[in-house]
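The working numbering puts the first sequence at residues 22 to 244.
Heads up: the structure comes next, in structure tokens.
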Amino acid sequence: MPPSPAEPAPQEIIATLLAHYGPQHWWPGETRLEIIVGAVLTQNTNWRNVSLAIANLRQQGLLAWEALLAAPDEALRECIRPSGFYNVKLRRLRQLLAYLEPFGLDHARFSHLPMHALRAELLAVHGIGPETADSILLYAFQRPTFVVDAFARRLFSRLGATWMARAGYAAVRAHFMAALPIDVALYNEAHALIVRHSKESCRARPLCDACPLLPRCPHGQNT
DNA sequence: AGCCAGGACTGAG
DNA sequence: CTCAGTCATGGC
């Protein structure tokens, strides 16, 4: 797919964002279970709504392994309602839990299995697609996989890698992983920085003069 | 008051 | 294999 002329180099962009925003130490949840739940609930949904759902679960004491497994559908549904698509997400969450249940979240298996093997297992769960699987692998199990999301696609597309807007998930992921060292901490920061930049500077109105990516980043284009 | 958000799956052509 | 339709709430 790439390399074409004048494509943004991932390591440069990430380094620039890192220099500007500093390390994010970003973590989409307090616990492994919370991260996994959040990964499902955030599918095509803004994090604000997911937070409401997570808060409900916490308040009901359902962010605990045993309690979550034992919770009736109705209780779970009410908790996750604010995150939208609650019927679908309830099923997907259940199926993911069903896959994890025989082992438990802290089973050695999840830290010893080769990443691609674990990734394949997650992808085999109905309702777990590539982005959800990668989020879980990276943030719950500390595996070095690059998370491709709408933010990364939009940002790099605007910076010159226009092919990313329509390319398949695998191609985009492979591009980033070929351009960057295979490193958990790096991928963690990269995703966090891209999200932060996308929500902050790139949405600033009027145009944000402090944008670390100026003049490359054409502020004002759609989102 | 629409429009859209950190996807994934299904059925049709 | 490509792609529109489907699922749904809350914030702006």
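Ideal Cβ positions, reconstructed from N, Cα and C, are used throughout, including at glycine.
Predicted model only: the values in this text are computed from it and were never measured.
Residue i and residue j look like a contact to me (Cβ under 8 angstroms); what is the Cβ gap, rounded to whole Å?
| i | j | result |
| --- | --- | --- |
| Gly181 | Glu28 | 5 angstroms |
| Tyr160 | Pro44 | With 8 angstroms as the limit, Tyr160 and Pro44 do not qualify as a contact, their Cβ atoms being about 15 angstroms apart. |
| Leu83 | Ala76 | Going by Cβ atoms, the distance from Leu83 to Ala76 rounds to 11 angstroms, so no, they are not a contact pair. |
| Thr153 | Val61 | 6 angstroms |
| Leu176 | Ile215 | 6 angstroms |
| Trp47 | Ala206 | Between Ala206 and Trp47 the Cβ distance is about 11 angstroms, and since that is not below 8 angstroms, they are no contact. |
| Leu89 | Leu54 | 7 angstroms |
| Leu201 | Pro31 | 6 angstroms |
| Asn70 | Pro123 | Incorrect: roughly 31 angstroms between the Cβ atoms, too far for contact. |
| Ser178 | Ala186 | 4 angstroms |
| Trp86 | Leu144 | In fact, because the Cβ distance is near 23 angstroms, the residues do not count as touching under 8 angstroms. |
| Ser219 | Phe162 | 25 angstroms between Cβ atoms; not a contact. |
| Ile101 | Ala74 | 4 angstroms |
| Arg217 | Val193 | The pair is not a contact, with the Cβ atoms about 20 angstroms apart (cut-off 8 angstroms). |
So residue i is in the alpha helix (DSSP H); what residue range does that whole segment cover?
| i | result |
| --- | --- |
| Glu221 | Neither: Glu221 is in no alpha helix (DSSP H) and is coded neither H nor E. |
| Cys100 | Asp94 to Ile101 |
| Thr37 | Pro31 to Tyr42 |
| Thr153 | Pro151 to Ser156 |
| Trp47 | Counting along the chain, Trp47 falls outside any alpha helix (DSSP H), and DSSP gives it neither H nor E. |
| Val1 | This structure cannot settle anything about residue 1, because the visible part of the chain is limited to 22 through 244. |
| Gln164 | First, the residue type needs correcting, since residue 164 is Arg and not Gln in the sequence shown. No alpha helix (DSSP H) contains Arg164, which DSSP labels as neither H nor E. |
| Arg187 | Note, Arg187: premise wrong, no alpha helix (DSSP H); not H, not E. |
| Val109 | Tyr107 to Leu121 |
State the DSSP-derived secondary structure class of residue i, mapped to helix, strand or coil.
| i | result |
| --- | --- |
| Phe177 | helix |
| Phe197 | helix |
| Leu134 | coil |
| Ile215 | helix |
| Gln81 | coil |
| Glu28 | coil |
| Val71 | helix |
| Glu87 | helix |
| Val169 | coil |
| Ala145 | helix |
| Asn65 | coil |
| Leu234 | coil |
| Leu126 | coil |
| Ala206 | helix |
| Thr182 | The amino acid at residue 182 is misidentified as Thr; the sequence shows Ala. Three-state DSSP puts Ala182 in coil, outside helix and strand. |
query: Is the region 140–154 touching the region 87–100, taking contact as three or more C-beta pairs under 8 angstroms?
result: no
message: With three or more beta-carbon pairs closer than 8 angstroms as the criterion, would you say the region 32–39 touches the region 60–67?
response: no
- request: Determine, using beta-carbon pairs with one atom in the region 107–120 and one in the region 147–154, whether at least three such pairs fall under 8 angstroms.
  value: yes
- request: State whether the region 160–171 contacts the region 194–201, with contact taken as three or more CB pairs (one from each stretch) at a distance under 8 angstroms.
  value: yes
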